[in-house]
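As given, the protein sequences belong to chains A and B, one line each in that order. Residue 95, in the working numbering, is where the first sequence stops; the numbers in between run on with no holes. Residue 1412, in the working numbering, is where the second sequence stops; the numbers in between run on with no holes. Please read the structure below before turning to the comments.
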Amino acid sequence: GENVEQHPSTLSVQEGDSAVIKCTYSDSASNYFPWYKQELGKRPQLIIDIRSNVGEKKDQRIAVTLNKTAKHFSLHITETQPEDSAVYFCAASTGSTLGRLYFGRGTQLTVWP
Amino acid sequence: NAGVTQTPKFQVLKTGQSMTLQCAQDMNHEYMSWYRQDPGMGLRLIHYSVGAGITDQGEVPNGYNVSRSTTEDFPLRLLSAAPSQTSVYFCASSLPDEKLFFGSGTQLSVL
């Protein structure tokens, strides 16, 4: 099955700095790559996603890039704010069954004021 | 719409007991799935379903059963609870090729 690796496991940045989280995947058939944010005690919430026919996608301060050749994708958060502090998960989906996601182990992002 | 509703929110079981975690969605989503979340492990897929009457195993199916008799409901059954099943369980649903919606989770402790 698919194997998703995520780095780093923890990330601390100063408010206003940028944060980058990287993921790699193993199955070249994967074609959907979402990112979820999970605050303590809450459910994961989708923040951005990208499909394999697109190399980059932006939504305000958040962007995701995808390199299908190298099988890696990254989350970029600019102008970080304390409320960005949370655990972030990347995931990959193989084929058209998006109900079957394979997740990375998560990155604890802490933004210091 | 209530979205994805999970019950109970918290549960404590003794080793060997059985129970069912309930999951219901009112968005007419075809796809439903169960994940477990353990510290440092991310979310791992237990079972999933692409429609009523159709289920399949995920990454960690052992010790769990599912059935999908209706589009709305996707219960997860623990037949004989073990301490290794202590975890937070999330149910999720989606339309084909669309994003997952997660329930609020069930925190399960097996003593």
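Backbone N, C-alpha and C fix where the C-beta goes; we use that ideal spot for every residue, glycine too.
C-beta neighbour in chain A for residue i, strict 7 angstroms
i, result
"B/Y1349", "yes"
"B/S1405", "yes"
"B/G1343", "yes"
"B/K1272", "Residue numbering for chain B in the displayed model covers 1302 to 1412; residue 1272 of chain B lies beyond these limits and cannot be assessed."
"B/K1400", "yes"
Min CB distance residue i to chain B below 7 angstroms
i, result
"A/F55", "no"
CA nearest to the CA of residue i, picked from the options
i, options, result
"A/C5", "A/V93, A/Q27 and A/H58", "A/H58"
"B/M1333", "B/G1341, B/K1315 and B/G1352", "B/G1352"
"A/P(-10)", "A/L83, A/C72 and A/Y84", "A/C72"
"B/S1350", "B/D1374, B/D1339, B/K1315 and B/Q1307", "B/D1374"
"B/L1412", "B/R1345, B/P1362, B/A1383 and B/G1359", "B/A1383"
"A/G(-17)", "A/D9, A/E65, A/R25 and A/D(-1)", "A/D9"
"A/L(-7)", "A/W17, A/D66 and A/T51", "A/D66"
Listed by chain order, chain B residues near residue i by CB distance under 8 angstroms
i, result
"A/G(-2)", "Correct list: empty, because the minimum Cβ distance to chain B is about 29 angstroms."
Close-in-space but distant-in-sequence residues of the same chain around residue i (CB under 8 angstroms, 5 per side omitted)
i, result
"A/V(-5)", "A1, T62, L91, T92, V93 and W94"
"B/T1440", "Coverage of chain B is limited to positions 1302 through 1412, which leaves residue 1440 of chain B absent and any answer about it impossible."
Interface partners of residue i on chain A, CB under 8 angstroms
i, result
"B/E1360", "G(-17) and Y84"
"B/L1346", "R82, L83 and Y84"
"B/F1391", "R25 and P26"
Beta-carbon contacts of residue i that lie in its chain and below 7 angstroms, excluding the five residues immediately before and after
i, result
"A/G37", "T47 and L48"
Contact set for residue i: own chain, Cβ-Cβ below 6 angstroms, skip 5 residues either direction
i, result
"B/S1381", "G1317"
"A/D41", "I30"
"B/G1406", "V1389 and F1391"
"B/V1313", "S1410"
What residues in the stretch 9 to 42 of chain A have a beta carbon less than 7 angstroms from any beta carbon of chain B? Interface annotation for the stretch 9 to 42 of chain A against chain B: P16, R25, P26, L28 and D31, criterion Cβ-Cβ distance under 7 angstroms.
When Cβ atoms are compared, which residues of the stretch 80 to 93 of chain A fall closer than 8 angstroms to chain B? Under the 8 angstroms Cβ criterion, the stretch 80 to 93 of chain A contributes L80, G81, R82, L83, Y84, F85, G86, R87 and G88.
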